[in-house]
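Participant: The structure that follows is given in the form of structure tokens.
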Amino acid sequence: MSDNTVSAIELKADRSKMKVSDETAVKLAGVNKWYGDFHVLKDINLTVMKGERIVICGPSGSGKSTMIRCINRLEEHQKGQIVVDGIELTNDLKKIDEVRRDVGMVFQHFNLFPHLTILENCTLAPIWVKKMPKKEAEEVAMHYLKRVRIPEQANKYPGQLSGGQQQRVAIARSLCMNPKIMLFDEPTSALDPEMVKEVLEVMISLAESGMTMLCVTHEMGFARQVANRVIFMDAGQIIEQNEPEAFFGNPQHERTKLFLSQILH
Amino acid sequence: MTMTSASDTAPIAFVRHEMVQAEPPPPSMVGMQGWLKKNLFSTPGNILLTAVGFFLAAWLIWQVVDFAIVRAVFVGTSGEDCRKSPDVGACWPYVQAYWKLFVYGRYPIAERWRVDLTGLVFVVLLVPLMIPAAPLKRLNVILFFLIFPVFAFSMLVGGWFGLPHVETALWGGVLVSLVVAVTGIVMSLPLGVLLALGRRSKMPVIRLLSTIFIEFWRGVPLITVLFMASNMLPLFMPAGVDVDKLLRALIGVSLFSAAYMAEVVRGGLQAIPKGQYEGAMALGLSYWRMMGLVVMPQALKLVIPGIVNTFIGLFKDTTLVSIVSIFDLLGMINFTRTDSAWAAPTTAMTGYLVAAVFYWVFCFGMSRYSMFMENRLNTGHKR
Ligand SMILES: Nc1ncnc2c1ncn2[C@@H]1O[C@H](COP(=O)(O)OP(=O)(O)OP(=O)(O)O)[C@@H](O)[C@H]1O
Ligand SMILES: [Mg+2]
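Line by line, the protein sequences give chains A and H.
Quick note: the first sequence uses the working numbering, first residue 1, plus one each step.
Quick note: the second sequence uses the working numbering, first residue 1001, plus one each step.
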């Protein structure tokens, strides 16, 4: 199997369904972050409109994960301003909770709860955070499990599912909270090639439903089909951003060219 | 070396035309015979071990049966009857004469029904609690952990509802053993969980206090704790304030085992990957919900063997209370075995056999139950 099998995955997305509004969903202004002495994010400025699909790529250690984890405050920034859906992230725990309720996140390693069934994984937050009655939460969960095409697995445990199925559950689990924004941190990079497609298809259908999405991914096929903007990061800063056509066809910065030449062969 | 012609070597190309059907395993692998062969007689060394183990077990069992039944004295009225033969076994009449003391201590005879009733309620509430499929779990938990302690306290201590007050100095035997053990077990787990969370807290003051508490209680022997609780504490108390001796021992044992429990639980917490916390936080769960619904259930499940280990240790350590003249079962046996009326070569041995069986049954029960729970809670996430 050659290395570019992944980018050879055929994906079809209907861009006409993806509408960008003129309201701001996420705004990062002059964001800086340090791990001890290490300056990991340097003056990040990024505004994401509702309905936008942003793909973030860049070499390992460039700060992609750190940046999107700042958006739901899994990481704290030290300087600058982050506003999510009109709420500014500060040390105020109430605001952090509000933001987390509105922002779903999907991780590289799924982070499903192994001691709960698939259904319980999906109903946990709606019941305890949104105070939804159990029955209603289960209906919502089944709705989203159907949407990611695994309703028949509802009563199994995560350990009994394949990686691709687990990642689809993780997406459904986030959707059960009815988020306004979805963050994806390399959702397919822990998956075998044949499972990548099933996850990407779910993400495409999500994009078609108008979800605001920020995806860290190296699935360039996905970026071409779905993203309306591709952002390239290196050394903790945004180096270049553009529409996918222009980004892949005519990169400007030397580092972007080097990076693309490495991943696209 | 000879050259092989092309037709001798296996052909490189191969295409399967007929699928091989699944067949049952050969008889040597299945059934009793297969099991014996695989587990007991697979190699000469294994056969030797099986034989040695078998004879050792048979010899041990025979020794116990011989002492407790074959050579034992079953009827009698005093030590005289157990002294008749030079080679006498267990002296059961001694146990018969004293078994009520073993169970209740010096609890007034007319009030012993209160102990029986408390014990009965305890069993009636505990059994459905331990059966996962039993209904009304929530009610059961409330009854057992909130209502029952109040009930047991009022029943055993008395002094209200027309029940005469029974001071704890009169309590003894199995009653005291179980009161100390159950209190210690029920208190130590929640306290230990809180201490473990405290020790991993991001707040330095809480972390420091938890660490000091844990290291203090782990650093002193239980005997010292009990001595201090019973002899030194009264010196520091203002005159007139008198905390019950049994209560002091209960607090000492609970805090002592909570410190051990805290470290066991902390071990479990350390094994939970960071992703579990992040998954929970990203869903908007608060700290306590994240801990209570996601992290703790997994951490506790991982350390069930350690938790039960601590419980079993605690159960056996309750015998130390007899050092501060609280007479638990072992204390009662020690107290009665020297009774001159029952002076016989095997009186003490018989008493200790009773104690050994009592402790073994409870500890083995806990061990088996924990294995059952471990199996049940295994959700197969280790693929
Ligand atoms: N908790 C931490 N403490 C110290 N340094 C960290 C921490 N987390 C990440 N870093 C460092 O910050 C830098 C950015 O990390 P980040 O995980 O954001 O990179 P990334 O772009 O997501 O890389 P990858 O593609 O490998 O996931 C890396 O150099 C990493 O070593
Ligand atoms: Mg990353």
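Idealized CB from N, CA, C, for every residue including glycine.
(1) Among all residues, which have a Cβ less than 5 Å from at least one non-hydrogen atom of ligand 1, and in what chain order do they fall?
(2) Nearest to Leu41 of chain A by alpha carbon, out of A:Cys176, A:Ser189, A:Met211, A:Asp234?
(3) Mind checking whether Asn155 of chain A and Leu119 of chain A have CB atoms under 9 Å apart?
(4) Report whether the distance from the Cβ of Val106 of chain A to the nearest heavy atom of ligand 2 is below 8 Å.
(5) Between Phe1213 of chain H and Leu1195 of chain H, how many whole angstroms is the CB-CB distance? I'm expecting something under 8 Å.
(6) Anything in chain A within Cβ reach of Gln1298 of chain H, meaning under 9 Å, just list it in chain order.
(7) Can you confirm whether Leu145 of chain A, when its beta carbon is compared against all beta carbons of chain H, has any partner nearer than 9 Å?
(8) Does the segment 1158-1165 of chain H touch the segment 1224-1232 of chain H, meaning 3 or more C-beta pairs lie closer than 8 Å?
(9) Measure the beta-carbon distance from Ala1299 of chain H to Ala1271 of chain H and round it to whole angstroms, keeping in mind my assumption that it falls under 8 Å.
(10) Of all the alpha helix (DSSP H) runs that stay within the bounds of the segment 1164-1207 of chain H, which reach a length of 4 or more residues?
(11) Find the nearest neighbour of Leu1178 of chain H within the set H:Val1015, H:Thr1346, H:Ile1326, H:Gly1351, judged by alpha-carbon distance.
(12) Counting Cβ pairs, one atom from each stretch, are 3 or more of them under 8 Å apart for the segment 1297-1315 of chain H and the segment 1348-1368 of chain H?
(13) Is Val129 of chain A close to chain H, meaning its C-beta is less than 9 Å from at least one C-beta of that chain?
(14) If you draw a straight line from the alpha carbon of Met1290 of chain H to that of Lys130 of chain A, how long is it in whole angstroms?
(15) Rounded to the nearest angstrom, how far is the Cβ of Lys64 of chain A from that of Val196 of chain A, given a contact under 8 Å?
(16) Looking only at its chain, what residues have a beta carbon closer than 6 Å to the beta carbon of Met132 of chain A, apart from the 5 residues adjacent to it on each side?
(17) Comparing C-alpha positions only, which one of A:Gly58, A:Gly236, A:His77 sits nearest to Leu272 of chain A?
(18) Heavy atom of ligand 2 less than 8 Å from the Cβ of Val268 of chain A, yes or no?
(19) With distance defined between alpha-carbon atoms, name the residue in A:Phe247, A:Gly30, A:Gln225, A:Gln167 nearest to Gln108 of chain A.
(20) Say yes only if the C-beta of Asp43 of chain A is nearer than 8 Å to one or more non-hydrogen atoms of ligand 2, and no if none qualify.
(21) Does the CB of Lys1382 of chain H have a neighbour CB from chain A at under 9 Å?
(22) Between which two residues does the beta strand (DSSP E) holding Asp185 of chain A run?
(23) With distances taken between CB atoms, is the gap from Leu1222 of chain H to Thr1168 of chain H smaller than 9 Å?
(24) Could you have a look at Trp1160 of chain H and say whether DSSP puts it in helix, strand or coil?
(25) Would you verify that the beta carbon of Ser1286 of chain H is, or is not, closer than 9 Å to some beta carbon of chain C?
(26) Say whether chain A places a C-beta atom closer than 9 Å to the C-beta of Ser1042 of chain H.
(27) Mark Trp1035 of chain H as exposed unless 16 or more other C-beta atoms lie within 10 angstroms of its C-beta, in which case mark it buried.
(28) Check whether the segment 94-109 of chain A touches the segment 182-191 of chain A, counting contact only when three or more Cβ pairs, one atom from each stretch, lie closer than 8 Å.
(29) Less than 6 Å between C-beta atoms, sequence neighbours within five positions excluded: which residues of the same chain meet that for Asp3 of chain A?
(30) Could you spell out the range, first to last residue, of the alpha helix (DSSP H) harbouring Trp34 of chain A?
(31) State the beta-bridge partners of Asp234 of chain A as determined by DSSP.
(32) Which residues does DSSP pair with Ile87 of chain A in a beta bridge?
(33) Can you pull the chain H residues whose beta carbon is under 8 Å from the beta carbon of Ala125 of chain A, in chain order?
(34) What do you reckon, are the CB atoms on Gly1105 of chain H and Leu1049 of chain H nearer than 9 Å?
(35) Beta carbon of Glu75 of chain A: closer than 8 Å to some heavy atom of ligand 2?
Facilitator: Short version:
(1) A:Tyr35, A:Val40, A:Ser60, A:Gly61, A:Ser62, A:Gly63, A:Lys64, A:Ser65, A:Thr66
(2) The residue given as residue 41 of chain A occupies position 41 in the first sequence. The shortest C-alpha separation from Leu41 of chain A is found at A:Asp234.
(3) One-based indexing of the first sequence puts residue 155 of chain A at position 155. One-based indexing of the first sequence puts residue 119 of chain A at position 119. Going by C-beta atoms, Asn155 of chain A is nearer than 9 Å to Leu119 of chain A.
(4) Taking the first residue of the first sequence as position 1, residue 106 of chain A is located at position 106. Checking the Cβ of Val106 of chain A against ligand 2 gives no.
(5) Position 213 of the second sequence holds residue 1213 of chain H. Position 195 of the second sequence holds residue 1195 of chain H. Indeed they touch by this definition, with Cβ atoms about 6 Å apart.
(6) Taking the first residue of the second sequence as position 1, residue 1298 of chain H is located at position 298. Simply Phe113, Pro114, His115.
(7) Within the first sequence, the letter at position 145 stands for residue 145 of chain A. No, because no Cβ of chain H sits closer than 9 Å to the Cβ of Leu145 of chain A.
(8) no
(9) The count along the second sequence starts at 1 and reaches residue 1299 of chain H at position 299. The count along the second sequence starts at 1 and reaches residue 1271 of chain H at position 271. That belief holds up - the Cβ atoms of Ala1299 of chain H and Ala1271 of chain H are roughly 7 Å apart, short of 8 Å.
(10) 1173-1199
(11) Counting from 1 along the second sequence, the entry for residue 1178 of chain H is found at position 178. Ranking H:Val1015, H:Thr1346, H:Ile1326, H:Gly1351 by Cα distance to Leu1178 of chain H puts H:Ile1326 first.
(12) yes
(13) What you label residue 129 of chain A is simply residue 129 of the first sequence in a count that begins at 1. Judged by the 9 Å Cβ criterion, Val129 of chain A is in contact with chain H.
(14) To locate residue 1290 of chain H, count along the second sequence from 1; it is residue 290. To locate residue 130 of chain A, count along the first sequence from 1; it is residue 130. Near 14 Å, if we compare the C-alpha coordinates of Lys130 of chain A and Met1290 of chain H.
(15) Reading the first sequence from its first residue, position 64 is the one you call residue 64 of chain A. Reading the first sequence from its first residue, position 196 is the one you call residue 196 of chain A. So it is not a contact: roughly 18 Å between Cβ atoms.
(16) Along the first sequence, read from residue 1 onward, the residue named residue 132 of chain A stands at position 132. Excluding positions up to five away in sequence, the list reads Pro126.
(17) The question about residue 272 of chain A has no answer here: the residues shown for chain A are numbered 1 through 265.
(18) Absent from the model: residue 268 of chain A. The displayed extent of chain A is 1 to 265, so no value can be given.
(19) In the first sequence, residue 108 of chain A corresponds to position 108, counting from 1. Per the Cα distances, A:Gln167.
(20) Translated into positions along the first sequence, residue 43 of chain A becomes position 43. No.
(21) As a working mapping, residue 1382 of chain H is identified with position 382 in the second sequence. A caution first: Lys1382 of chain H carries a pLDDT of 47, below 50, which makes its placement in the model unreliable, though a value can still be read off. Answer yes: the Cβ-Cβ gap between Lys1382 of chain H and chain A drops below 9 Å somewhere.
(22) For the purposes of this step, residue 185 of chain A is taken as residue 185 along the first sequence, with counting starting at 1. Here the beta strand (DSSP E) through Asp185 of chain A covers 181-185.
(23) Locating residue 1222 of chain H in the second sequence gives position 222, counting from the first residue. Locating residue 1168 of chain H in the second sequence gives position 168, counting from the first residue. Cβ atoms of Leu1222 of chain H and Thr1168 of chain H: not closer than 9 Å.
(24) For this step, residue 1160 of chain H is matched to residue 160 along the second sequence. It is coil, neither helix nor strand.
(25) The chain inventory of the structure shown lacks chain C, comprising the protein chains A and H.
(26) In the second sequence, the residue the question calls residue 1042 of chain H occupies position 42. Not one chain A Cβ lies under 9 Å of Ser1042 of chain H.
(27) Counting from 1 along the second sequence, the entry for residue 1035 of chain H is found at position 35. Flag for Trp1035 of chain H reads exposed.
(28) yes
(29) Residue numbering aside, residue 3 of chain A sits at position 3 when the first sequence is read from its first letter. Caution is warranted here: a pLDDT of 42 is assigned to Asp3 of chain A, below 50, making its placement in the model unreliable, and the coordinate value is therefore given only provisionally. The answer is none, since no qualifying residue turns up.
(30) One-based indexing of the first sequence puts residue 34 of chain A at position 34. Segment 24-35 is the beta strand (DSSP E) holding Trp34 of chain A; no alpha helix (DSSP H) there.
(31) Start at 1 with the first residue of the first sequence, and residue 234 of chain A comes out as number 234. A:Gln237, per the DSSP bridge assignment.
(32) Here the question's residue 87 of chain A lines up with position 87 in the first sequence. A:Val84.
(33) Start at 1 with the first residue of the first sequence, and residue 125 of chain A comes out as number 125. The answer, in chain order, is Leu1283, Gly1284, Leu1285.
(34) In the second sequence, the residue the question calls residue 1105 of chain H occupies position 105. In the second sequence, the residue the question calls residue 1049 of chain H occupies position 49. Against a cut-off of 9 Å, the Cβ pair of Leu1049 of chain H and Gly1105 of chain H comes out as no contact.
(35) Indexing the first sequence from 1 puts residue 75 of chain A at position 75. Not so, every heavy atom of ligand 2 lies at least 8 Å from the Cβ.
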